[in-house]
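The sequence shown maps to residues 3 to 180 in our numbering. A virtual CB, placed ideally from N, CA and C, is assigned to each residue, including glycine. Right, one structure below, let's go through it.
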Amino acid sequence: MDIEKINRNNFRSFMNALAFPGRCFVIEPINKSYLLSAISVFVFSEASYYVDLEDKNILGYVDILTNGKKSSIQEADYIFLSKIENFYAIQEVKIGDFLNPEKSAVVFLETGYSNNIRYCLSGPGVNGKLDVYLPIDYELIKLFLNKNKDFPLGIDMFILTLEGKVFGLPRTINIEVE
């Protein structure tokens, strides 16, 4: 397995997902885990992260692949959530400050949610308005919008499906429920 090549390809997919909100991009798994792929791409020795995984095998890979700094959800640069009940913890993640808005968190949500809900996106990266179906519920979208109400403060979020699809929601996006 060429992890560097997988990371390069996955990084491109993640960046495309942020550049083109609402569009679906595909990532490759590492050790059959798409969340581990995201961790491998973004976490490095100077980055802090929080992960809610309980699989000891996957957690061992996180340490080996990244050498990142484990942190609390409130202080982490990168947040990786795989359990639906933990998605609402994004209320606690950092959003930066007006002098340093880049000191905010990036959140990765792995969802097996099977009901795709229709949303209308507009803003940077969207030509006019775009109707999309996303595998997250409206309550989570409300939390995301609330975290991003004071631009440039806020969070960027990636939604990962169990099939390896990724959707990006940058802090600049406007979202309406259809």
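**Asked** Rounded C-beta distance between Gly70 and Ser50? I'm assuming under 8 Å.
**Response** In the sequence shown, residue 70 corresponds to position 68, counting from 1. In the sequence shown, residue 50 corresponds to position 48, counting from 1. That belief holds up - the Cβ atoms of Gly70 and Ser50 are roughly 7 Å apart, short of 8 Å.
**Prompt:** Distance, Cα to Cα, Ile177 vs Ile32?
**Reply:** As a position in the sequence shown, residue 177 is number 175, starting the count at 1. As a position in the sequence shown, residue 32 is number 30, starting the count at 1. Rounded to whole angstroms, the gap between the alpha carbons of Ile177 and Ile32 is 31 Å.
**Request:** Would you mind reading off the limits of the beta strand (DSSP E) that contains Lys2?
**Result:** What the structure shows of the chain is the stretch from 3 to 180, and residue 2 is not part of that stretch, so it cannot be assessed.
**Message:** Considering only DSSP beta bridges, list what Glu112 is partnered with.
**Reply:** If you number the sequence shown from 1, residue 112 lands on position 110. In the DSSP output, where bridge partners are listed per residue, Glu112 has Leu162.
**Prompt:** Hey, would you say Leu136 sits closer than 8 Å to Ser84, going by beta carbons?
**Reply:** By one-based count along the sequence shown, residue 136 stands at place 134. By one-based count along the sequence shown, residue 84 stands at place 82. No, they are not a contact pair.
**Asked** In its own chain, which residues sit with a C-beta less than 8 Å from the C-beta of Ile146, not counting the 5 before and 5 after it?
**Response** Working through the sequence shown from its first residue, we reach residue 146 at position 144. Reading off the sequence shown, one finds Phe at residue 146, where the question assumed Ile. So the list reads Ile92, Ile157, Met159, Leu171 and Ile177, once near-sequence residues are dropped.
**Request:** Scan the stretch 34-70 and note each continuous alpha helix (DSSP H) run of 4 residues or more that stays entirely inside, going in chain order.
**Result:** Counting only runs of 4 or more, we get 36-44 and 58-68.
**Request:** Determine the closest residue to Leu164 out of Lys151, Lys144, Ile138 and Val179, with distance taken between C-alpha atoms.
**Result:** As a position in the sequence shown, residue 164 is number 162, starting the count at 1. With distances taken between CA atoms, Leu164 lies nearest to Ile138 out of Lys151, Lys144, Ile138 and Val179.
**Asked** Ends of the alpha helix (DSSP H) at Ile8?
**Response** Here residue 8 refers to the residue found at position 6 when the sequence shown is read from its first residue. The continuous alpha helix (DSSP H) containing Ile8 extends over residues Ile5 to Ala21.
**Asked** Alpha carbon to alpha carbon, what distance is there between Leu123 and Phe22?
**Response** On the sequence shown, position 20 is the one that residue 22 refers to. On the sequence shown, position 121 is the one that residue 123 refers to. Going from the Cα of Phe22 to the Cα of Leu123 covers about 10 Å.
**Asked** Are any of the Cβ atoms in chain C nearer than 8 Å to that of Met17?
**Response** Among the chains in the structure shown there is no chain C, since it carries only a single protein chain.
**Asked** Under 8 Å between the Cβ atoms of Val179 and Tyr121?
**Response** Sequence index remark: in the sequence shown, residue 179 carries index 177 (1-based). Sequence index remark: in the sequence shown, residue 121 carries index 119 (1-based). When the beta-carbon positions are compared, Val179 and Tyr121 come within less than 8 Å of each other.
**Item:** The alpha helix (DSSP H) enclosing Ile143, as first and last residue numbers
**Value:** Position 141 of the sequence shown, counted from the first residue, corresponds to residue 143. In the DSSP assignment, Ile143 falls within the unbroken alpha helix (DSSP H) covering Tyr140 to Lys149.
**Prompt:** Can you check whether the CB of Tyr52 is closer than 8 Å to the CB of Ser74?
**Reply:** The residue given as residue 74 occupies position 72 in the sequence shown. The residue given as residue 52 occupies position 50 in the sequence shown. Cβ atoms of Ser74 and Tyr52: closer than 8 Å.
**Request:** Would you check if the distance between the CB atom of Ile97 and the CB atom of Leu155 is smaller than 8 Å?
**Result:** Position 95 of the sequence shown holds residue 97. Position 153 of the sequence shown holds residue 155. Between Ile97 and Leu155, the C-beta gap is smaller than 8 Å, which places the two residues in contact.
**Message:** Once the 5 residues before and after Lys105 are set aside, which same chain residues still bring their CB inside 6 Å of it?
**Reply:** As a working note, residue 105 is residue 103 in the sequence shown. Its chain contains Gly98 as the residues whose beta carbon lies nearer than 6 Å to that of Lys105, once the 5 sequence neighbours on both sides are disregarded; these appear in chain order.
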